[in-house]
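Taking it in order: structure first as structure tokens, then the write-up.
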Ligand SMILES: [Zn+2]
């Protein structure tokens, strides 16, 4: 097993992949997993998510922005979703329109909403966490 620098205490013995830090007991890093009707993808680093990537997950991803519908980023062990301010269709988290960065947790649902019809949601993606 190899090792990397611990994100908490900075020691070089943090196991990669998986496992707690031997010095400070920091938990293993988790990857973010998004699952739609076509498949799933897991993310380990900051990613600009646009329609090309989303089409691998959902048959309704053509409604997403080509360049960036939203951004996903990781701060220590927490994952965040940041909506793109220029997206034509809104990004929804658990049915609520996202206006700012929001922390993601297991079981959350990401969707696209229509500005014309606020009750309509497409491209449902389920959020999961997997050990790196
Ligand atoms: Zn540590």
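Residue numbers (the numbering used here): 294 to 425. The beta carbon of each residue, even a glycine, is placed where N, CA and C say it ideally should be. The model shown is predicted, which means the values in this text are computed figures rather than measured ones.
Assigned exposure category for residue 297 - 16 Cβ within 10 Å defines buried: Classification for residue 297: exposed.
What's the C-alpha gap between residue 383 and residue 302? Answer to the nearest angstrom: the Cα atoms are 39 angstroms apart.
Classify residue 351 as helix, strand or coil using the three-state DSSP reduction. Looking at residue 351 - three-state DSSP - the assignment turns out to be coil, as it is neither helix nor strand.
For a test of your reading of the model: does the CB of residue 301 fall under 7 angstroms from any non-hydrogen atom of ligand 1? Yes or no. For ligand 1, at least one heavy atom lies less than 7 angstroms from the Cβ of residue 301.
Closest to residue 361 by CA distance: which of 340, 388 and 353 is it? Out of 340, 388 and 353, 340 has the C-alpha closest to the C-alpha of residue 361.
Given this structure, state the Cα-to-Cα distance separating residue 355 from residue 307, to the nearest angstrom. The straight-line gap separating the alpha-carbon atoms of residue 355 and residue 307 is approximately 41 angstroms.
Given 8 angstroms as the limit, is there contact between the region 392–406 and the region 361–373, that is, 3 or more CB pairs closer than that? Because the criterion of three Cβ pairs below 8 angstroms is met, the region 392–406 and the region 361–373 touch.
Can you name the start and end residues of the beta strand (DSSP E) that residue 404 belongs to? Where residue 404 is concerned, the enclosing beta strand (DSSP E) stretches over 402–406.
Sort 381, 313, 324 and 331 by Cα distance to residue 366 and report the nearest one. It is 324 whose Cα lies nearest to the Cα of residue 366.
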